[in-house]
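In the UniProt record's numbering, the protein residues as written are 1 to 575. In what follows, a single structure is set out as structure tokens and then discussed.
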């Protein structure tokens with residue numbers, strides 16, 4: 001069966017699952033790679049769409065004849081410029097800016113001294129001409145728009161501010177009507193930084209995205225380790241940890257972004273995460289494919305083995321003259337037929353032996369049992385009733401002699417003996433248990449006379465409650481013998497039994513010698529101990545019995561210290 005299992009089950013399943021795992025993981029890895037490439041391509045297209053919006057606006061301004069005439073005009077009075085500004089330029093600014101959500105600010109720098117430099121019109125000063133973006137425009141020598149990283153307009157105007165190029169702009173010369181131009185006009189359309197950040201950070205990938213220009217300089221990145229706003233780091237100079245995968249897409253056939261590319265660096269762990277999930281599924285499937293046939297084969301093999309071992313075991317019993325048949329349900333296979341024939345043979349052999357030997361042995365055994373029963377009858381003549389009758393005779397003699405106190409104590413002692421020796425009734429009412437306690441305390445009072453004082457309080461609603469027999473007495477006995485008896489001047493015992501909602505609370509307090517901490521801990525240890533109860537009737541026995549009867553619903557509290565007496569409280573559910 002083992003060879004059959006290995007060759008026909010285990011090896012084929014392992015081989016099949018290895019092939020399945022290899023094919024599945026490759027498919028998952030390829031699909032994940034395609035998803036990442038597609039996501040980076042989507043970033044590229046969305047970013048280009050935002051730029052083309054700004055380029056569209058720049059083309060409208062570039063070809064606007066009225067705007068060109070307004071910027072070329074020389075105004076004698078500022079009021080003339082303000083009128084021309086309000087009548088045309090303000091309208092087109094207000095029309096285009098809300099239309100394209102990628103546009104943050106539109107500004108035209110001119111060197112016409114008759115224009116007021118505000119509200120989208122800027123002065124083409126030497127400082128502006130020294131800026132990075134203006135130098136790039138000068139180098140291009142073209143009227144086509146260029147896409148550059150620039151400072152924000154609100155920071156560019158701040159004097160002595162540290163340059164932070166964290167925005168992107170479309171820059172182009174407004175020389176469409178070159179024959180009419182007397183002044184230099186530079187259009188700068190600043191894009192919203194937040195809009196660009198949303199494009200690059202919306203991708204749910206555990207990696208970083210880099211926007212790289214044609215000179216291999218990083219223009220934007222989501223990598224917090226690269227300060228792209230101030231530095232112009234080269235992408236090729238970056239050091240990536242082992243296991244980092246790169247996904248690249250390049251802008252082609254776009255004049256203002258020719259040679260730019262977007263690179264995504266994704267940890268290999270991210271790509272293989274789905275592969276690991278697939279691996280866990282394949283492993284689970286392989287386990288099911290192995291475990292299920294294994295259990296079936298083990299069940300069949302065990303059935304055969306157990307029945308053969310059982311037959312062998314009974315054959316050995318027959319060898320030792322124990323003719324036991326095999327008790328099991330009928331099986332129709334070969335082992336079942338063998339079991340049936342064994343049982344038939346065993347019954348026949350046993351019948352033959354019984355006919356010859358057992359009859360004589362039974363006759364002698366009956367004679368021995370009869371004599372043993374006679375001996376037991378003689379021994380049972382002495383029983384506890386003899387003790388009770390003797391105590392009752394002594395009590396009657398004391399009454400005849402007017403020794404009432406002695407007679408009462410003997411009566412209480414007889415009641416205690418009778419109740420302690422009769423265990424047929426394991427549950428008693430609280431009043432019956434208290435009667436038991438009163439008998440004991442009166443006997444102790446007879447011993448100690450004025451050295452012992454006691455008080456018992458019973459809640460009327462608790463009198464009919466049922467408790468385990470001898471639940472209270474061991475604690476009263478401990479208080480009397482171990483607490484009060486060692487005191488030279490005696491002491492007092494107070495017993496209270498109350499009903500609190502669904503709980504019956506028994507408490508006892510004495511002003512005896514008390515107990516040290518070790519003794520108190522010993523009592524608490526009985527709650528955790530699993531020791532067998534045995535035949536003891538004491539505090540330990542009571543605690544064990546309460547645990548067996550009530551389980552976790554039993555509560556036990558003890559407070560004691562040397563020379564300060566002892567307080568014990570038991571709480572059990574009302575029965």
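Every residue gets a Cβ at the ideal spot worked out from N, C-alpha and C, and that includes glycine. Small disclaimer: the values here were computed from a predicted structure and weren't measured.
Integer-rounded CB distance, given that residue j should sit under 8 Å from residue i
i: residue 195; j: residue 79; result: Incorrect: roughly 38 Å between the Cβ atoms, too far for contact.
i: residue 228; j: residue 218; result: 5 Å
i: residue 208; j: residue 265; result: 5 Å
i: residue 446; j: residue 492; result: Not really, about 17 Å apart at Cβ, beyond 8 Å.
i: residue 464; j: residue 429; result: 6 Å
i: residue 85; j: residue 119; result: 7 Å
i: residue 542; j: residue 471; result: 6 Å
i: residue 257; j: residue 147; result: 6 Å
i: residue 302; j: residue 339; result: Contact doesn't hold; Cβ gap of about 16 Å is too wide.
i: residue 191; j: residue 135; result: That pair is no contact at about 20 Å.
i: residue 72; j: residue 180; result: 6 Å
8 Å Cβ cutoff met for residue i and residue j
i: residue 560; j: residue 505; result: no
i: residue 550; j: residue 573; result: yes
i: residue 458; j: residue 497; result: yes
i: residue 260; j: residue 251; result: yes
i: residue 521; j: residue 565; result: no
i: residue 96; j: residue 67; result: no
i: residue 137; j: residue 186; result: yes
i: residue 452; j: residue 483; result: no
i: residue 100; j: residue 124; result: no
i: residue 568; j: residue 440; result: no
i: residue 169; j: residue 188; result: yes
i: residue 315; j: residue 335; result: no
i: residue 286; j: residue 13; result: yes
i: residue 24; j: residue 199; result: no
i: residue 290; j: residue 5; result: no
i: residue 442; j: residue 409; result: yes
Residue interval of the alpha helix (DSSP H) (run including residue i)
i: residue 453; result: Per DSSP, residue 453 belongs to no alpha helix (DSSP H); it is in the beta strand (DSSP E), 452-458.
i: residue 19; result: 11-62
i: residue 474; result: 473-478
i: residue 349; result: 334-353
i: residue 138; result: 132-140
i: residue 3; result: 2-5
i: residue 69; result: 65-72
The beta strand (DSSP E) enclosing residue i, as first and last residue numbers
i: residue 264; result: 261-267
i: residue 466; result: 466-468
i: residue 82; result: Segment 78-84 is the alpha helix (DSSP H) holding residue 82; no beta strand (DSSP E) there.
i: residue 148; result: 146-150
i: residue 427; result: 427-429
i: residue 171; result: 167-173
Bridge-paired residues (DSSP) for residue i
i: residue 588; result: With the chain represented from 1 up to 575, any question about residue 588 goes unanswered, as that position is not in the structure.
i: residue 569; result: 507 and 557
i: residue 498; result: 505
i: residue 248; result: 263
i: residue 186; result: 109 and 173
Helix, strand or coil at residue i according to DSSP, with G and I counted as helix
i: residue 123; result: strand
i: residue 293; result: helix
i: residue 554; result: coil
i: residue 191; result: strand
i: residue 523; result: helix
i: residue 577; result: Beyond the ends of the chain as shown, which are 1 and 575, falls residue 577; an answer cannot be given.
i: residue 538; result: coil
i: residue 326; result: coil
i: residue 240; result: coil
i: residue 373; result: Confidence at residue 373 is low in this model, with a pLDDT of 46, below 50, so the placement of that residue is unreliable and no value is reported for it.
i: residue 404; result: helix
i: residue 303; result: helix
i: residue 547; result: helix
i: residue 492; result: strand
i: residue 110; result: strand
i: residue 234; result: strand
i: residue 272; result: coil
i: residue 255; result: helix
i: residue 115; result: coil
i: residue 579; result: Any answer about residue 579 is impossible in this case: the structure gives the chain only from 1 up to 575.
i: residue 331; result: coil
i: residue 320; result: coil
i: residue 129; result: helix
i: residue 487; result: coil
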